[in-house]
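Novice: Sequential numbering from 21 applies to the sequence shown in the numbering used here.
For each residue, glycine too, the CB sits at the ideal point set by N, CA and C.
Bear in mind that the values here come from a model prediction, so they are computed numbers and not experimental data.
I have a structure I would like to understand better, so I am pasting it below and will then ask my questions one at a time.
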Amino acid sequence: MPLSVASKVLLLNAFLQSEITQQGLARRIGKHKQEITRLFNLHHATKIDAVQLAAKALGKELSLVMV
């Protein structure tokens, strides 16, 4: 699975576990709700920085490890 997709899946799981709405997440990171919808779209190319910002807004940390 590509890292971009894996990071979005992890983000979506964190979002679903939270009690935050898409609108609430958008407000927290200063984006429009439509951008949050695209952020969760596995077929949409999203910068990893955007995923990291959203994860932080959910109280999570996105990290990358090379082994």
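Starting from residue 66 and walking both ways along the alpha helix (DSSP H), at which residues does that stretch end?
Specialist: From DSSP, residue 66 is part of no alpha helix (DSSP H); its letter is neither H nor E.
Novice: Can you give me the C-alpha to C-alpha distance between residue 69 and residue 39, rounded to a whole angstrom?
Specialist: Approximately 23 Å between the Cα atoms of the pair.
Novice: When the Cα atoms are used, what is the spatial distance from residue 24 to residue 44?
Specialist: Using only the alpha carbons, I get a separation of about 23 Å.
Novice: What do you get for residue 57, buried or exposed, if any count of 16 or more other CB atoms within 10 angstroms of its CB means buried?
Specialist: Exposed.
Novice: Keeping to the same chain, check which residues put their C-beta closer than 8 Å to that of residue 46; ignore five residues upstream and five downstream.
Specialist: Within the same chain, residue 46 has close Cβ partners 52, 53, 55 and 56.
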